[in-house]
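Contents: one structure, followed by commentary.
2 protein chains.
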Amino acid sequence: MRNAQAVSNIQPRRQIYRLPRAQRVADIMLTARAVFREKGYNDAVIAEIALRAGVVEGTVYRYFAGKRDLLIKVVEHWYEEMLTDYDRQLHGIRGTWNRLRFMIWRHLTVIHNDPAMCRLIFNELRSGAEYRETAVFELNREYTNRTLAIVQDAMDSGEFRGGIPLRIVRDMIYGGVEHHIWAFLRGEGDFSPEESADGITDIIYRGLVRPGAAIDRGEQAIRRLEEVAERLEQASALVPEISRTIGNASC
Amino acid sequence: MRNAQAVSNIQPRRQIYRLPRAQRVADIMLTARAVFREKGYNDAVIAEIALRAGVVEGTVYRYFAGKRDLLIKVVEHWYEEMLTDYDRQLHGIRGTWNRLRFMIWRHLTVIHNDPAMCRLIFNELRSGAEYRETAVFELNREYTNRTLAIVQDAMDSGEFRGGIPLRIVRDMIYGGVEHHIWAFLRGEGDFSPEESADGITDIIYRGLVRPGAAIDRGEQAIRRLEEVAERLEQASALVPEISRTIGNASC
DNA sequence: AAAATTAATGAGCCTCCCTCATCATGTCCA
DNA sequence: TGGACATGATGAGGGAGGCTCATTAATTTT
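Sequences listed follow chains A and B, in order. Position one of the first sequence corresponds to residue 237 (my numbering), numbered consecutively onward. Position one of the second sequence corresponds to residue 237 (my numbering), numbered consecutively onward.
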């Protein structure tokens, strides 16, 4: 122990590093993300976030209006990362069944990859009264609308029967997914995004498809053929010999 | 003001009424139900519950292990009331479609009649780590199993196609319902249990029902295409670039 | 009527969220 | 180069609310 401390009992303030606002905010948000992930919202303590971010509690409140605001910002940031290049991926997929299946699989995979973060969204963020004002709400809306656009297209083309309220389709897809992963989010067991996506897509597709169009074993066979064609098309683009031979089959 | 008070400044303890344990517990739970309904879990304050129940804060903790325990007991009590004579009602309904529709409608109606209580269950109770130990969890399980029994019966009789994982059916029905009523629970707008039940039942039923026999001319074409797909897939396995790219067929 | 039992009390502890007066540091300009 | 200024950062402390426990008092038992 140094002499000055021992005598005067005054703790010298540690060296203070002043960071530009943006940097400090980023630091705190990254730390907060980790702590929220580990502890959940209620058990996360601002003091710990501050400590691990290398600042004092008051500093957190300088940049965030409160604990709840911090949560919202953290989730928004994460969510925006997630949504990058969704559209580009979907763009390469053909056929209503495949596109629907992709959207569902994708959603399941995000949850599978970061359950703790999704817990925050489902359990904490969405319960709050201010959820509608959140950017997550709006981003989510856009995201689900992309799925509904697929359904709408299929209705327009006659593949799906008409007169189905889109809202209900959305609720059954995303509600079904959520309900499906509840146990996993509670840490009970695992699930396979692939199998689950197959099961959900199967029921939804059959529930919407125009009867008499493609039925029974024809249904399955056609779906499988679509998938094969899809994969072969994508793959063939990579192999000069094949693409020269086959040409573009997708038209 | 009475003299004794003015002089000694000692508040005489008000008359204490000692109630039998069961009575006190019932009183507190009923008050707690009201306060939780009005304020939600987080904004409900034990002191207020105690005050309105005519006891002091410590008394609440004499009968309940904590705030969370109180919530659980309150919800369990309410849930058990709800479930009375479900079976009897279902008994009088014939036909798979009608029975499914009844179960869905019933669920929607419960939510429609007591949104505040359902908010507690969906937003608070079910988020907690101890949900699985709850009686609500078990009661809910039994309840949804009744729906699955209807589906199973229909599969056995051949009305529904086989091989559908029951768990997914359950998730889509109850998840779909929940997602559907989210906005309503947040106090945004209303919904019609009848119309919603029709829409959900419609998709589920069609998603599960056994389709008619395959069409004649489709049959041959499909068989031929299947063979082609088979050969192409096998051939593609011989081209390293493709098999590396495609990988597992299921994603 | 004394003893035993147990319902009920309420002061007060503890943990957190959050505020704010104060201090420190980096920047700009004379 | 040094003083003024803007703003990053501090940390003690206020306040709310969940929860404890030693004490008091009503009721029952002996």
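Where a beta carbon is used, it is the ideal one built from N, C-alpha and C, also for glycine.
Contact check, residue i vs residue j, beta carbons under 7 Å
{"i": "residue 340 of chain A", "j": "residue 400 of chain A", "result": "no"}
{"i": "residue 267 of chain B", "j": "residue 289 of chain B", "result": "yes"}
{"i": "residue 208 of chain B", "j": "residue 395 of chain B", "result": "Look at the range of chain B in this structure, 237 to 487, and you will see that residue 208 of chain B is not part of it."}
{"i": "residue 191 of chain B", "j": "residue 411 of chain A", "result": "Here chain B has residues from 237 to 487 only, and residue 191 of chain B is not among them."}
{"i": "residue 372 of chain A", "j": "residue 315 of chain A", "result": "yes"}
{"i": "residue 433 of chain A", "j": "residue 330 of chain A", "result": "no"}
{"i": "residue 357 of chain A", "j": "residue 311 of chain A", "result": "yes"}
{"i": "residue 296 of chain A", "j": "residue 284 of chain A", "result": "no"}
{"i": "residue 404 of chain A", "j": "residue 440 of chain A", "result": "no"}
{"i": "residue 277 of chain B", "j": "residue 306 of chain B", "result": "no"}
{"i": "residue 348 of chain A", "j": "residue 407 of chain B", "result": "no"}
{"i": "residue 204 of chain B", "j": "residue 287 of chain B", "result": "Any property of residue 204 of chain B remains undetermined from this structure, which presents chain B solely from 237 to 487."}
{"i": "residue 299 of chain A", "j": "residue 346 of chain A", "result": "no"}
{"i": "residue 355 of chain A", "j": "residue 397 of chain A", "result": "no"}
Assigned exposure category for residue i - 16 Cβ within 10 Å defines buried
{"i": "residue 253 of chain A", "result": "exposed"}
{"i": "residue 359 of chain A", "result": "buried"}
{"i": "residue 293 of chain A", "result": "exposed"}
{"i": "residue 281 of chain B", "result": "exposed"}
{"i": "residue 334 of chain A", "result": "buried"}
{"i": "residue 377 of chain A", "result": "exposed"}
{"i": "residue 274 of chain B", "result": "exposed"}
{"i": "residue 369 of chain A", "result": "exposed"}
{"i": "residue 430 of chain B", "result": "exposed"}
{"i": "residue 327 of chain A", "result": "exposed"}
{"i": "residue 389 of chain A", "result": "exposed"}
{"i": "residue 235 of chain B", "result": "As shown, chain B starts at 237 and ends at 487. That puts residue 235 of chain B outside it, with no answer to give."}
{"i": "residue 269 of chain A", "result": "buried"}
{"i": "residue 426 of chain B", "result": "exposed"}
{"i": "residue 438 of chain A", "result": "buried"}
Residue i beta carbon near the ligand ADP (any heavy atom closer than 6 Å)
{"i": "residue 359 of chain B", "result": "With respect to small molecules bound, the structure shown includes none, and the ligand ADP cannot be examined in it."}
Just by C-beta distance, which residues in the region 374 to 393 of chain A are closer than 7 Å to chain B? none
Mind checking the region 421 to 449 of chain B against chain A and listing, in chain order, the residues whose C-beta falls within less than 9 Å of any C-beta there? Answer set for the region 421 to 449 of chain B: 422, 423, 424, 431, 432, 435, 436, 438, 439, 440, 441, 442, 443, 444, 445, 446, 447, 448, 449.
Three Cβ pairs or more, each shorter than 8 Å: is that satisfied between the region 377 to 396 of chain B and the region 355 to 369 of chain B? No, because fewer than three Cβ pairs between the region 377 to 396 of chain B and the region 355 to 369 of chain B fall closer than 8 Å, the two stretches do not touch.
According to a CB-to-CB cut-off of less than 9 Å, which residues of the region 401 to 413 of chain A neighbour chain B? 401, 403, 404, 405, 406, 407, 408, 409, 410, 411, 412, 413
Chain B contacts from the region 351 to 363 of chain A (Cβ-Cβ distance under 7 Å): 359, 363
Please specify which runs of the alpha helix (DSSP H), each continuous and at least 4 residues long, are wholly inside the region 318 to 391 of chain A, giving them in chain order. Fully enclosed alpha helix (DSSP H) runs of 4 or longer: 322 to 327, 332 to 349, 351 to 355.
What runs of the beta strand (DSSP E), each 3 residues or longer, lie entirely inside the region 423 to 448 of chain B? none
Along the region 323 to 346 of chain B, what residues have a CB closer than 8 Å to any CB found in chain A? none
At which residue ranges does the region 388 to 421 of chain B contain complete alpha helix (DSSP H) runs of 4 or more residues, listed in the order of the chain? Counting whole runs of 4 or more residues, the region 388 to 421 of chain B contains the alpha helix (DSSP H) stretches 402 to 421.
Name, going along the chain, the residues of the region 299 to 321 of chain B whose beta-carbon falls closer than 7 Å to a beta-carbon of chain A. Listed in sequence order: no entries.
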